[in-house]
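Everything in the sequence shown is counted per UniProt numbering, starting at 1 for the first residue and increasing by one.
Right, one structure below, let's go through it.
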Amino acid sequence: MKNTPDDAYVKAESGGTRTVEHLRAALKQRRVKLTDVARDLNIPYRSLQNYFNKNDMPLSLYEQICRFARIPRSYPMDGCRMKLDVENIKTALVDVLGQKLPSVSVNTSRESGMNIEIGNPPAEDRDFKSLRAAASMIVLLLDSKYDRICEAELNGPLDDA
C-alpha cells in the first residue's frame, strides 16, 4: 500500500482519543488477528504492525480495517463506545410523540437503589420543558441499552455473513 503525501492520517491523539490504540482493542474484542487483516487487505503484516505500533495510519487503511472487521468507523474514535446523537433524538421524540410521550419518574431508596418508571402520558398537557425532561430520561435509557447491544455484537465472533 503506497501512501501519497496527500493521504489523511489517523493520528495517535486525534480529537483527544487514542484512535489507533482503540482500533487495536476493538479488533481484539472482535477476535480478529492482524495476520488475517494483512492477508485479506493484501498488506504486508510487518507494515500493518508498524502502523499500530506508531499509533499512526492512513485514514484509507483505517477505514478498510474497520470495514473488514465490521467495526463502525466512529467506534474507535469515540473511545470504543457507541454514541447516539442525544439532542436530535430528544427533539424527535418530542416532535413525533408530543403529549403522547410517556411520563418518566425516578425513585430512589436505600433498599432498592434507583428505579426508573415509565408510565402512561398524564391526562393534562405538559409544557415543553416537561416534555424535554421526559424525552431526556428516555434517551438516556435508550443510549445505555444501545451501548450494551453494540458491545455484545462486537464481543461476538466475526462470521462470514
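Virtual Cβ for every residue (Gly too), placed ideally from N, Cα, C.
Computed from a predicted structure; not experimentally measured.
Along the segment 15-69, the alpha helix (DSSP H) occurs as fully enclosed runs of 4 or more residues at 19-29, 34-41, 45-54 and 59-69, listed in sequence order.
Membership of N155 in the alpha helix (DSSP H) is indicated by the continuous run F128 to N155.
Between the C-alpha atoms of G79 and D143 there is a straight-line separation of about 15 Å. Per DSSP, N107 lies in no alpha helix (DSSP H); the unbroken beta strand (DSSP E) holding it starts and ends at S103 to S109. When DSSP states are grouped into helix, strand and coil, E117 belongs to the strand group. When rounded, the separation of the alpha-carbon atoms in P102 and N155 is 33 Å. With distances taken between CA atoms, A135 lies nearest to E87 out of E87, E21 and K54. Under the three-state reduction of DSSP, I89 is assigned to helix. Straight across, the Cα-Cα distance linking L48 with A38 is about 7 Å. The beta carbons of A26 and P76 sit about 5 Å from each other, so the pair counts as a contact at 8 Å.
Listed in chain order, the non-local C-beta contacts of N53 below 6 Å within the same chain number zero, local neighbours out to five positions each way being set aside.
Taking all protein chains in view, the Cβ of A69 is crowded by 16 or more other Cβ atoms within 10 Å, so the residue is classified as buried.
Classified as buried, T19 has 16 or more neighbouring CB atoms from the shown chains inside 10 Å of its CB. L84 sits in coil when the DSSP states are folded into three classes, being neither helix nor strand.
Rounded to the nearest angstrom, the Cβ distance from M137 to V104 is 4 Å, consistent with a contact under 8 Å.
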